[in-house]
Structure formats: C-alpha cells, structure tokens
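Structure first, then comments.
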Amino acid sequence: MGISKEQIIQTSIAILNKSGLENLTMRTLAKELDIKAASLYWHIKNKQDLLDLLAEEICRPITIEDSSGDTEKALFSFSQMYREALLKVRNAVQVLMESTPHTPHRLELIQHGLRLIQAWGVSDANCLAAMNMFNNYVLAFADDEARFSRWGVEETKAAVRHMGMEFRDFDEQFRYGISVLLAGFRAVQ
1467 MGISKEQIIQ TSIAILNKSG LENLTMRTLA KELDIKAASL YWHIKNKQDL
1517 LDLLAEEICR PITIEDSSGD TEKALFSFSQ MYREALLKVR NAVQVLMEST
1567 PHTPHRLELI QHGLRLIQAW GVSDANCLAA MNMFNNYVLA FADDEARFSR
1617 WGVEETKAAV RHMGMEFRDF DEQFRYGISV LLAGFRAVQ
C-alpha cells in the first residue's frame, strides 16, 4: 500500500500530540505508518523537510481576513487565530521555530502580517522588527500557555498566588500583551 504526504503529515501530528517532538523520528513515523523508514524518503527529503511540512499544516487554520476596515480588530483576530493554531498541536511552537518559513501559506501569512503592521502605522524601516516582535510574542505566549495548561489550572493559579499576584485567564492576558505591543508600535514611529 502506498502512502501520501497527507498521511505522513497527519501521522506526524498524531505522534506529536501523543509523545512530543522529541519522539518524532523517521523511524517512529515509519513504524506508525507500517512502512520501512527508507520509504519515507520517497515523499520527504529529511527531518527538516518534515518539520517544514508540519509547520505549514499547523498554520493552515489561520485565515487571511479582509483588513480594510478596523486594523486593530484585524491584528487581534490574526494573533488569536495564530495562538489557537499553535495550541492545537503539542510542541507546535518548537516545530515552527525549527522550520524555515518558506512554504506557500506561511509566506502568505507573513505578508499579511506585514501589511497589517504597516496599516497600523509602523514605518517600512521598522515593519520587519515589529512583525518579529509580534510573532515572537504569540509564539512565547502560546508556548507558556501550553505548558501551564499541561501543568493544570489550579497549580498555575497557586503558583501565581505564591508570587503575590492574581491569575488572569489566558485570553485576557493574551489580549493585554497584544494591546501593549500595538500601543508601543503606535508610540514609537
């Protein structure tokens, strides 16, 4: 029986969700697909190619909405879709960090993000830096959120209280962080 790239991608995501990135090897993937590891190389060049394909798949649910109206609303929506996509797959942040953003949908998303940042008023000279800050914030927040979610909400609340602070839900914290970034971009032209 032949396998497809789609089967490889979906099986890889299942392995990620079950066992994490450290257990996603070509050998493990081949075993799950019930093929020999060498057969995988007919479909993907190497582990880096696999990570690039996975990153593209992780980002697939992120859509590009019309942003001709309210740029702030579009930036919040874009960042929320990005966060949600990252939270659906275990170790998604690490997959994106270890992959190269050169696949079609990821490039389209980067270009859309840059257009939104420009529409927010960031100069062309600072647009790439602002987009990197925006991207890094979403990645870091989603990574922390996933870790704390695995830890447990009550344990997280207890740890925050132990530090003398009150826990705010993740949505509220995320929106606050995006607001701070946008205010900063607007303040520093």
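1467 is the number of the first residue of the sequence shown in our numbering; add one for each residue after it. For each residue, glycine too, the CB sits at the ideal point set by N, CA and C.
First through last residue of the alpha helix (DSSP H) which encompasses residue i
| i | result |
| --- | --- |
| Glu1564 | 1558-1564 |
| Val1646 | 1636-1653 |
| Asp1609 | 1590-1617 |
| Glu1488 | From DSSP, Glu1488 is part of no alpha helix (DSSP H); its letter is neither H nor E. |
| Gly1579 | 1570-1585 |
| Asp1515 | 1513-1525 |
| Tyr1548 | 1537-1554 |
| Ser1505 | 1503-1506 |
Cβ neighbours of residue i in the same chain (closer than 8 Å, five flanking residues each side left out)
| i | result |
| --- | --- |
| Phe1542 | Arg1641, Ile1644 |
7 Å CB neighbourhood of residue i in its chain, flanking five on each side removed
| i | result |
| --- | --- |
| Glu1531 | Ala1540, Ser1543 |
| Ser1478 | Leu1490, Leu1495, Leu1516, Leu1520 |
| Ile1481 | Asn1489, Leu1490, Thr1494, Leu1495, Glu1498 |
| Leu1553 | Ala1608, Glu1611, Ala1612 |
Proximity winner among the options, relative to residue i (alpha-carbon distances)
| i | options | result |
| --- | --- | --- |
| Ser1589 | Met1492, Asp1500, Leu1506, Ala1653 | Ala1653 |
| Glu1498 | Arg1526, Trp1508, Ile1469 | Ile1469 |
| Gln1514 | Trp1586, Val1626, Met1492 | Met1492 |
| Leu1648 | Met1631, Gly1587, Trp1617, Gln1639 | Gly1587 |
| Ala1595 | Gln1560, Asp1500, Asn1512, Gly1650 | Gly1650 |
Spatial neighbours of residue i in its chain, beta-carbon cut-off 6 Å, leaving aside the 5 residues before and after
| i | result |
| --- | --- |
| Val1604 | Ser1545, Tyr1548, Arg1549 |
| Gln1584 | Cys1593 |
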